[in-house]
Each structure stands twice: as structure tokens, then as C-alpha cells.
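Novice:
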Amino acid sequence: MHRDTTNTVFFRITTAVSKLALLIAAVLPLCAVPLSTEAQEARAAIGGRVTDPQGAAVPEAIVVVTSDDTGVAYQTQTSAQGNWIMEFLRPGHYRFSVTKSGFRVADQRGIQLQTADKKEIDVQLELGSSTESVVVNSGTPLIDTTSATSGTVITSKELSELPSMSHVPTLLAVLSPGVVAQDQNGNVVHLWSYNGASQFTADGGRNNIYSNNFQLDGMPNTKAGGNVSFIPPMDSVEEFRVQTNAYDASIGRQAGSTINMETKSGGKDYHGSLYEFNQNNFLNANLFQNNLIGGGRPSVHFNEFGGTFGGPVWIPKVYRGKQKTFFFVSFDDTRNLDPRPGGTRSVPTQLERNGDFSQSFSIVGGQKFPVQLFNPFDVDSTGKRAPFQCDSAGNPITPVNNKQSGGTPCAKIPQEMLSPIAQNILKYVPLPNTASDPNSNALNNYISPATRQDKFPVLSVRVDHAWNNSHHSFAVIRWGHLQEFLDDFFQDAATGGFQERVPENLGLDHVWTLSRNKVLDMHFNVNRYEQPNRDKGAGFDPTQLGFSSSFVSQLPKPSFPYITGFAGATTDSPQHFGTGQAGTYQNNTYYTWSASLTHVHGNHTFHYGGEYWVLQEADAGLGVGGGEFDFSSVWTRPQATVGGGTGQGSTFASFLLGLPSGGNVPVNASAFYSQRFMVFYTQDDWRVTSRLTLNIGLRWDYERPVEERFNRLTSNFDPTVLNPISGVAQASYSQILASPPASCTGQCLVGLQTLAQLVPASAFKVPGAQLFAGVGGQSRTFSNADYQEFGPRIGFAYRLWNNTVIRGGAGRFTQASYEVGGRNGFSLTTPLVATQDNFFTPYDTLANPFQSGVLTPTGSSLGPLTNLGQGVSWYNQDAKRPYSWEYSLHVQQQVKNWLIEIGYSHNKTYRIFQDRNGNLPSFTLWQQLLAPQFDSNGRPLDTLLWNQLVPNPFNNLQLNGVNVITGSIGKSQNIALNQLLNPDPLLGGVVSSPPMNRHDNPLGKNQYDAMLVKVEHRFTKDFSIINAFTWSKLFEDTSLLGPEIAGPVVEHKLGGEDRPLHLSVAGVWDLPFGRRKESGGLLSKFIRPIVGGWELAGQYTIQSGVPVVFGTDSFFTGKDPALPHSLQSLNEWFDTSQFFPFPSKNTNLSTVPA
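The opening residue of the sequence shown carries number 27 in this note's numbering; numbering runs sequentially from there.
1) Specify, as a first and last residue, the run of the beta strand (DSSP E) that W900 falls within.
2) Opposite L720 in the DSSP bridges: which residues?
3) Which of the three DSSP states is assigned to S1163 in this structure?
4) Measure how close the beta-carbons of R907 and D812 come, nearest whole angstrom, since I'm counting them as under 8 Å.
5) What do you reckon, are the CB atoms on G381 and L452 nearer than 7 Å?
6) Please name the residue, chosen from L872, F703 and V84, that lies closest to L685 on a Cα-to-Cα basis.
7) Whole-angstrom Cβ separation of V578 and T590, contact assumed at under 8 Å?
8) Evaluate I1113 with the Cβ neighbour count: other Cβ atoms within 10 Å of its Cβ, from every protein chain shown; 16 or more gives buried, anything less gives exposed.
9) Less than 8 Å between the CB atoms is what I'm expecting for L201 and S190, so what's the real figure, rounded?
10) Do you know how far the Cα of F1160 is from the Cα of L139?
11) What do you get for W827, buried or exposed, if any count of 16 or more other CB atoms within 10 angstroms of its CB means buried?
12) Taking the beta strand (DSSP E) that E86 belongs to, which residues open and close that run?
13) Only counting the same chain, and skipping five residues up and downstream in sequence, which positions put a Cβ closer than 6 Å to that of F303?
14) Please give the ranges of any alpha helix (DSSP H) in the segment 276–348, keeping only runs that are unbroken, at least 4 residues long and fully inside the region.
15) Any contact between the segment 922–929 and the segment 1034–1046? By contact I mean 3 or more CB pairs, one from each, below 8 Å.
16) Let me see if you follow: with CB-CB separation under 7 Å, is W952 close to chain B or not?
17) Closest by CA to W726, which one among A132, S276 and Q134?
18) Span of the alpha helix (DSSP H) holding R379?
19) What's the C-alpha gap between P582 and R738?
20) Restricting to Cα atoms, I'd like to know which of S541, R527 and F592 is closest to R560.
21) What are the partner residues of V487, as DSSP defines its beta bridges?
22) Taking the alpha-carbon positions, what's the Q463 to G392 distance?
23) Helix or strand or just coil, what does DSSP make of A757?
24) Whole angstroms are fine: how far does the CA of F592 sit from the CA of S658?
25) For the beta strand (DSSP E) that A70 lies in, which residues bound it at each end?
26) Just how far apart, CA to CA, sit A82 and V149?
27) One question on the structure: do N933 and D229 come within less than 7 Å of each other, judged by their Cβ atoms?
28) Roughly how many whole angstroms lie between the Cα atoms of F400 and S384?
29) Report the three-state DSSP secondary structure of G777 (helix, strand or coil).
30) Where do the N-terminal and C-terminal ends of the alpha helix (DSSP H) with Q953 fall, by residue?
31) Within the chosen definition, does the segment 796–813 reach the segment 729–743 through at least 3 CB pairs nearer than 8 Å?
32) Using a Cβ-Cβ cutoff of less than 6 Å, which residues in the same chain neighbour L955 once the five nearest sequence positions on both sides are dropped?
33) Around the Cβ of A65, are there at least 16 other Cβ atoms within 10 angstroms (buried) or fewer (exposed)?
34) For S356, does the count of other Cβ atoms within 10 angstroms reach 16, so buried, or fall short, so exposed?
35) Find the nearest neighbour of D480 within the set H633, D513 and L683, judged by alpha-carbon distance.
36) Measure the beta-carbon distance from F1055 to P203 and round it to whole angstroms, keeping in mind my assumption that it falls under 8 Å.
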């Protein structure tokens, strides 16, 4: 079962923009240094076989390929078998001539080469004089007879003319069969939206950061995380190719597709363009959601403008570079102002700010529930709290010695009990400015004027130079700088943030023709991406709110505190404000070198190549520099240990009392990560016959695990050795069993008796030691290197008839990975200890937070005592990289200017990483202690033995007089019985925390099968269209079924990104009016300029929705939950009677099958 289909429709009518004839002042010459690039080549190749009239090979014929765009000529010779090839040609228009003594010159014209094309055009020479020529204008065949690779080329015509809300070229990848967009939030993607511009799946590759490989001018265009690094504006892109089923050994580090974008370069004439894109409230349609509720159109002010200019380099009286040196410059600038989602919030009323909740209520299921408040300081030994009291006049009565006496229960807090710090914080929270939702007195009662403000200039410069027939070079440099301010909901220090993104790129390429049959291509590329962010409250002085200077002096970056759980009195929604990020900085830098040698020998074209990458990432984040304070209704509910009913207790009331339920202060380490990657490959494109070509290749990938320059990494965790604290912990545990504290009665004693049977004092141990990179003989990396990643590839292309090709192949593709390991010990989070006795009495409050002080990281100096009680995580030491096997078979048919292709594609990915809990107790014990239990009167117990609280042996535990347990478990008087049953009782297990996680367990896999159809009409007779249809099924085994303690059972289910049907259609039509048009002669010379030059362009996408995933508290009866189509509506799609809620229990379904 899938959600509603997604439809996207764009139409645009445009008029031609006249070309600009401008001059450039100066361009620095390009040095011919043999540097290199990625082997996943975006440039084109053309070749063929030259024969005489009898079909015999013609050796040593001179072949000259000339660019119609630049006039640059490239010369080579045919081999003994008559074969020739010219590689590394920019997409564009070409012609070639073949000259041989005793034959007429063959002149082939009208050839169009697209990105990553490999075209073969055979020539049969005619007898005659070499001064005679035979000119053929047959154009370029649409079918590819030499390669097994599938995919689609998006030409400059589609890029410049198809309508787009975002001007982002990668979004047009959905015009290729097998490519599906995955953004379900309706977000508008901009040139700085690197994550959004990468959100699509291709050929079944999982929609994550490592499935697709982005290339720009044949060079890597990827951030350390895997998303696209630099997005060029559409007007600067010549075209791009989506490559799937690529059985070329030079292609790797992906499990879905390679996106090859090629930017424009200058030609022999000067050309330029100017453009402007504008969106505003008047032009934009209303949102579907707003129409649904009768809302108005949101305020939008979007303006993108820019231009391009290119041509030959000419410096008057100094240098004339026509047919030799060319430049191309692109500039784009975006200014954006739009409203932010989340601007509607719930804020407390004036009465509630004064502690008066008598008018506060919520309505659930049609029933009104007034707020009830209970005094957290007046609690008896069972955890029962007394309600606040009011006198006969309705005034709250101040408790005496924390005890409520006299009066009647009411929902008013005495003024004396309100926290001064909370009152000061409220000065930064606005009052309601709109009526509340009817279901509460303070729900969605504030509409913020917050907007997102963006400025993003982008500059790109490219220079191409032809030194001579043997040497050609180009250089590119690109830069962008986003400045963004957003989410200033309260218009003060409590909200708002600044964000920057700075992509930079430098690429150098040199092609050296060593001989008529050997060509060397070398590249060097630097990709840099910076992203500094900070909230507006960073640097705010918390003493202004009443926090003590002694506390503030311990903060890593004094800032406005981060408050979570904050909401109106009756709305415990997860709203928050304050400084969530006091400052973060991320700098990704990629250095890549690569070289490839092409060698033509007989009917074989061999490719040998290698790549070397250095990936570096500088990372630092202060986090909640002013401390985080979490609030909930736990302090104002009727019972300290039992959750309250609807209306019992209030999050905001707890805030007014200055009683947080949690929080923390992090002290985070900075890091400088690096990773090295190396690959070698060999490829043979063997033209077996004039009709059959085989592509055979082998690739070896080596990816070194990430290391940190100063060894600020945890490398492993040894769960077998005893921790130094084990002895004193065992003594404390033994004392508790022998002499339980007086507070432990009833079921608590039953719990201790159960523990004594299951874990006697002699068997109680605390195992486990954190290991650190580069310390004690440990490796500098967190896992072992993998030297066994080989990727065999084989493909074929068979020309069944002149206009029919069958292609297919199989290959193994190793996916990229980038795991940075943990920083346990180098980063340390001090938890806020809200209570030491399960919410009977407060401990850390707003008035006196973090009483034990903010902890300082110790690095690796404490060894196994590092961050005890705060959880550990480590990586599978021998985890292999995910890989996929791909198979495909396609039939391609050309009918005049139409290209029709239908095929089958299979992609199965293995070793998808799963996290596993490494600290689980016995499954038998889990079943036994969670079974229904009854008291002596036969009544069911509210708390099962599994969750029963017992005295905590780690409370204030010291080793040599020092408190070494830094986690909150070291400050709690009680602990859940189940945690003491864990192999390491100091760490959490099934549902408790802190956890013990082991990452990168290669348990998962997924499988994709699809029928792919493409119908394409190349732009001729003023018309082009691309139709892409996909019918697919995606299954995945990527999540554990049921509780993990029962065993690692991986669930086989529909993939979360499964969209069975996807159709994309895009077309451009130059309307037949104006000069040189079919209808132009029927128009007067005065009307013709007005109506001429217009075109109609549109794009339409329709696709199935993703599978429905139900919550974990849903139990399904097994019947079809869908209503009949005649009864389905936007408000009611399912028959809810087929589901039964079982709160906090495991569901019996997750993803509903189609």
C-alpha cells in the first residue's frame, strides 16, 4: 500500500535573449603541468573503422577531427586494422575528415557529441584523387553501438529552457529511467541546498549519502559526507549525463548512478547571456495545504539573477587566442526572503506566567480536562504529592515547610515559589498574538513574523588552451558564499541563527597525445566546503538571567540557555528555544589526483588508470554552550514515580518552579580527520566484429579507514577485561544484598531477592575497557583496512540491425564509506541530575544547576576509567564496505529522430550496516521478568520485576577517594533491576541508557528490480521531448524485527523508498511564428518581431507514494485497512477499526506491503 501519488508540473513560455558581443580585458595563461583528475570521464570520444570499397582496412589514413564551436583541430591516424579513436572531446558539434593517398577525402559533418558519449562512425573511402572530397551530412546516430552503459543526457537545450523553481541542474536527473526524487516535504531546493540537490535514488541505490557519485568536468564533486559539493547554475552547464548500469571499470564509489556534469567553455565567437528569475506572492500559486484550510498565500520574495560570457582570449596588441585559448565566465546571485515553517507556536498566557492555571485546559476526545497541579515538595513516602491549595477567595496558599495545609485544591502556584530565573527567561518569550486552538487555552496562539534571509553569489571561470595537436589543457575555478539568517521566531536572543556555506573548487586537466594510438589524460582537483554556523544567542551572558557567575565561568561558551519541552500549560509538545549551537565549524577538503592511459591496439581499446584521493575534514562544535535544560510534567504530576493522566501536571508549571527533568553541558573536542583512497583499473573495449563490442574491466578499490591527526579517537572496546572499578562496585553490591537500606521495602526487597538468586555477589563484575587510537599498541584507525575490494565488470553492445542495439552486462560496485569513529574521553557531557531518588526530591535546579561542576574531558589519560557510566560505542573492526551486484539488459531502437529504449535492471546491495546493542542480558531472563506478576491479593503489579527499582551500587561510588563515574548513574540512589542483569551493569541494555552500541555490523541488504522505458526525440524541427518510465520493486532487509534481545532477526520488507511507478515527461517546442518559421510568412513584418522567438516548455512528473509505515503502538488485525476508494478522502484514508493501540508495546507490522 502506498501513499497518494506525487505530481509535479511546470510550464514556462520564454522568448529568446539576444547574444551579447563583449570583450574581456585579460586572462592569465594556463600552465601545462601534468596534473590529473577522476577517471570517470565526462568528455566524449569518437572513432570508427576506415575501409576501402571492398571492405578491407585502410591503415595510416589521416583523420582530423575539428570542433565547429572552437575551430580547434585534433589529428590522428588509423591503425593496421583501420581503427581510430579520438578521446577527451568536449560535448559539442564536430566534423572529421579522412585522407589517404589514392582515395577521395571523406568529410563527415553534422556530428553532435554529448557528455560521456562514445560514438563510432565507420567510413568507406572511394577511389579517386585526394584533392577530391565526399561530404556527408548524416548527423550522429542516436544509438550507442559500443557501450553497455545506460543512462540519459540532459542537453543544454533542456537545461536552459525547461522550467524550474530552483535553477538546480541535478533535479533534472529524474528525466532518466530508474531515477526517483525522494524529497517528500515539498522543499524548494536552491543552489546552496547540497543535501536537497542530492536526494534521489537511482537504479535502486539506497537514498543515502553514498549511493550516487557526482562529477563536474570529469572531476569529483562530492563532499566528505557524499552529497554534491558545488552546484553550478544551469546557464553555466553544457549538459550532464546520468549513468546507470555503467560497466566501465573507471566508474566506482557508488551503488546507484554517476552524475557527470560538463560546464560550458568559450568558443571561436563571443557569446553571452543575462537572466533574471523572480518569485513573489503575486506570481506564485498558493500552497496545497493553505488551500485546504482556506489560508492565504505565504509571503515570498525570491530573486535570482546573473549572466554568462565566453569566447576566445584576446588581449589587444598582446595576445590573440582564436582557435587556441578560450574562456567562459558565469556569475549568479540569489536573494531570498521567505517565511519559515514552525512560525506558529504555543506560548504561555499572562495568567500562566503568573502561576495561575485556573483557566488552563485541554480537550481530548471531546472531553475537557482542566489542569491539575501538585506540589513537588510535598510528597509522602509512597511518592504521592499534595495538590496546591487556595483559600476561599481563590488565592494560592503558601506552603509551610513545604507542606500544603488548609484550603481547597487549585491550579495556582504561590508567587513565592516561582523561579526568578524562569521569570527572567520569560522576558524573551512573547505573549500570545492570536486566538488559541479550541482544543486548548494556549495552543498555536503565537504567529511569528520570522523569515529566512539568504544571499548567495556564485562565480565560475574556465579557461581552455590548445598548445598544439599533442597537448590540450583546461583549468576551472569556482566559488560561492551563502549567508543565511533564519528562525528568529521570538525576535530576540532566544531564537535565530546564522549559517554560512562556502563551496570552492579548483580543477586542472592536461591531455597529452603520446602517439597515434596512445593518449594520456591527467587531472588534479581540490574541492573545499566550509560551513560555519552559530545561533544568535551565542555569547549571551547568562548572569543577566540570574545564573551564578561560578556556574557561568564553567561553560564552554556562555550563551542563552537551551530550553526544551517548553510549551503552553496544556501542550507538552517538543518546542524549544535558546542556543542550540553556540558555534560550529566544518571544513571538508578533497584532493584528488588521477591519470588514465588510452591505448588502441588492433580491435582493442585499452584503458589503464589510477586515482589517489586525500579527504580531510576539520570539525568543531560547541553545542549548547549555555547548557541545556529539559522540562516535563514529571514534577507537577500526582505521583513522583507514576505518570499522570490527561491534565495532571504541566511542563510549563515545572519550568516556573525552576525544576528541570534533565539537561546537560557538553564540552566537545575538535577534530581533524583524514582518509585516503586509492584505485587501479584496467578496461578493454574490444570490437569483436563490426556489430559486437565487448567491455571487459577489473577495478581494485582501497579505502583506508579514517584517522584523526592527533589520535582523538576511540578505536575499540574490550568487553572481556575487568574494569578497575569492578572490585569496589562488587563490594557495594554485596553490601546492598546483605543489608538493604530502610527505604527498600515491598517489591524492592523482592527485586533484591531475585538479584541475589540470579547474580550473587560473588558473580557481580564490571567488565569493559575503552581503547584509544594510537595508545597501547592500538591502530590509529578505528577499524581494519580492507584490501579485497575487487570489482569485475563485463558488458556488451550488439547491433542487431543498423538502427537496433541490444546491450547488457554485469558488474560489482563497491560503495564509498566515511565513518569517523567516536570521541569518548575527548568530548565529555556533564548530565544534569534532576533527582537522586526517582523524582521524590529535586537535586539540580535552575537556581543551583550542575552542583557537581561541569566536567572536563580527560582524553585517553584515564584509560578504562574514561567517562564511566556515559555509554560506549565502537565499530566492527573487520567491517567490509557495502557493495552491489548489478545486471541489466536493454534494447535500443532508433526511428528517424526518435530513440526508443526498453530494458530490465537488477541491483542487489550487500553489507548494509546495522547498529547492534552489545550489552544484552539473557533472553530467558527477559521473558521471565517481564511476565505478568501479581501481589499477595492477586492484583496485577503496576511495575514488573524487570523494571523494578532497587538500590544503586554505583551511587557515589569512589575509587581511591575519587568519584570516577561521570554519568548520571553515579548520582542516582536507585536503578532498574534489569540493568544489573546486563553483562556490563554500569551500562544500559534493552531499554535503559547509557547504551553500548557496536556500529557497522554488515547484516543488511536490499534488492531492486525494474523495467525501464525511455522515449526520446532529439531537438530537431524545433521540437524535443524526453519520456522516462519506471516500473520497479524495492525490498530491503535493513532493520531488526522485534526486540533485539530476541536475536538479530532482520526483517524482509518493502523498501522505505519503494515507488513502483514513476513517469517523467519534459519537452521543448519552439512555436512556429516569426522569421524563418512555418507560419512566419503569414505575418506582417510589424507583428513578426513581437510573436516570434517564443517557445513552450514543460515538465511533468507523477509517481507512486512510498509505503505506509505505522507507529510502534499499532497492532494490525490482518484485514485490509484501506477504505473503499469511494469512501477515501484526504481526512480519512484507512479503516481505523482494523488497528488496536497497545502503548509501549511492539507492533506486529511496520511497512504495509503494496
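Beta carbons are placed, not taken as given, at the ideal position from N, Cα and C, and that holds for glycine.
Specialist: Taking the structure as given:
1) Looking up residue 900 in the sequence shown gives position 874. For W900, the uninterrupted beta strand (DSSP E) segment begins and ends at V898 to Y901.
2) The sequence position of residue 720 within the sequence shown is 694, counting from 1. In DSSP, L720 forms a bridge with W712 and F822.
3) In the sequence shown, counting from the first residue as 1, residue 1163 sits at position 1137. In the structure shown, S1163 sits in a helix (DSSP, three-state: H, G or I).
4) As a first step, residue 907 is located in the sequence shown; it is residue number 881 there, counting from the start. As a first step, residue 812 is located in the sequence shown; it is residue number 786 there, counting from the start. The pair is a contact, with the Cβ atoms about 6 Å apart (cut-off 8 Å).
5) As a working mapping, residue 381 is identified with position 355 in the sequence shown. As a working mapping, residue 452 is identified with position 426 in the sequence shown. No, Cβ-Cβ distance for G381 and L452 is not below 7 Å.
6) Residue numbering aside, residue 685 sits at position 659 when the sequence shown is read from its first letter. Of the residues L872, F703 and V84, the one whose Cα lies closest to the Cα of L685 is L872.
7) Numbered from 1 along the sequence shown, position 552 holds the residue referred to as residue 578. Numbered from 1 along the sequence shown, position 564 holds the residue referred to as residue 590. Not really, about 20 Å apart at Cβ, beyond 8 Å.
8) Walking along the sequence shown from the start, residue 1113 turns up at place 1087. So I1113 ends up on the exposed side.
9) Here residue 201 refers to the residue found at position 175 when the sequence shown is read from its first residue. Here residue 190 refers to the residue found at position 164 when the sequence shown is read from its first residue. The pair is not a contact, with the Cβ atoms about 12 Å apart (cut-off 8 Å).
10) Taking the sequence shown and counting its residues from 1, the one referred to as residue 139 is at position 113. Taking the sequence shown and counting its residues from 1, the one referred to as residue 1160 is at position 1134. Straight-line Cα distance between these residues: approximately 52 Å.
11) What you label residue 827 is simply residue 801 of the sequence shown in a count that begins at 1. Looking at its Cβ environment, which holds fewer than 16 other Cβ atoms inside 10 Å, W827 is exposed.
12) Within the sequence shown, the letter at position 60 stands for residue 86. Element bounds for E86: n/a, residue is neither H nor E.
13) Here residue 303 refers to the residue found at position 277 of the sequence shown. Residues E330 of the same chain have their beta carbon placed closer than 6 Å to that of F303, with the five preceding and five following residues left out of the count.
14) Whole alpha helix (DSSP H) segments, 4+ residues: 314–319.
15) With a cut-off of 8 Å, the segment 1034–1046 and the segment 922–929 count as touching, because enough Cβ pairs lie within range.
16) Reference to chain B is not applicable here, since this structure consists of a single protein chain.
17) Working through the sequence shown from its first residue, we reach residue 726 at position 700. Per the Cα distances, S276.
18) One-based indexing of the sequence shown puts residue 379 at position 353. According to the DSSP assignment, R379 belongs to the alpha helix (DSSP H) that extends over Q376 to R379.
19) Indexing the sequence shown from 1 puts residue 582 at position 556. Indexing the sequence shown from 1 puts residue 738 at position 712. So the two alpha carbons sit approximately 19 Å from each other.
20) Within the sequence shown, numbered from 1, the residue matching residue 560 stands at position 534. The alpha carbon of R560 has as its nearest neighbour, out of S541, R527 and F592, the alpha carbon of R527.
21) Here residue 487 refers to the residue found at position 461 when the sequence shown is read from its first residue. V355 and I503.
22) For the purposes of this step, residue 463 is taken as the residue at position 437 of the sequence shown. For the purposes of this step, residue 392 is taken as the residue at position 366 of the sequence shown. The sequence given here has Asp at residue 463, not Gln. Distance from the CA atom of D463 to the CA atom of G392, rounded to whole angstroms, is 14 Å.
23) Here residue 757 refers to the residue found at position 731 of the sequence shown. In this structure, A757 counts as helix in the three-state DSSP scheme.
24) As a working note, residue 658 is residue 632 in the sequence shown. As a working note, residue 592 is residue 566 in the sequence shown. C-alpha separation (whole angstroms): 8 Å.
25) If you number the sequence shown from 1, residue 70 lands on position 44. In the DSSP annotation of this structure, the continuous segment of the beta strand (DSSP E) that includes A70 starts and ends at A70 to T77.
26) Here residue 82 refers to the residue found at position 56 when the sequence shown is read from its first residue. Here residue 149 refers to the residue found at position 123 when the sequence shown is read from its first residue. The C-alpha of V149 is placed about 11 Å away from the C-alpha of A82.
27) Along the sequence shown, read from residue 1 onward, the residue named residue 933 stands at position 907. Along the sequence shown, read from residue 1 onward, the residue named residue 229 stands at position 203. Result yes, Cβ atoms of N933 and D229 sit closer than 7 Å.
28) Taking the first residue of the sequence shown as 1, we reach residue 400 at position 374. Taking the first residue of the sequence shown as 1, we reach residue 384 at position 358. Near 13 Å, if we compare the C-alpha coordinates of S384 and F400.
29) The residue labelled residue 777 in the question sits at position 751 within the sequence shown. In this structure, G777 counts as helix in the three-state DSSP scheme.
30) As a working mapping, residue 953 is identified with position 927 in the sequence shown. Boundaries of the alpha helix (DSSP H) harbouring Q953: F949 to L955, taken from the DSSP string.
31) Flag = yes, the segment 796–813 and the segment 729–743 touch.
32) On the sequence shown, residue 955 is found 929 positions in, with the first residue counted as 1. Same-chain partners within the cutoff: L971 and W972.
33) Mapped onto the sequence shown, residue 65 falls at position 39. Because A65 sits at a pLDDT of 42, beneath the cut-off of 50, its placement in the model cannot be relied upon, and the point is left open.
34) Along the sequence shown, read from residue 1 onward, the residue named residue 356 stands at position 330. With at least 16 other beta carbons inside 10 angstroms of its own, S356 counts as buried.
35) Sequence index remark: in the sequence shown, residue 480 carries index 454 (1-based). Each of H633, D513 and L683 was checked against the Cα of D480, and the nearest Cα belongs to D513.
36) Position 1029 of the sequence shown, counting from 1, holds the residue named residue 1055. Position 177 of the sequence shown, counting from 1, holds the residue named residue 203. Right, their Cβ atoms sit about 7 Å apart.
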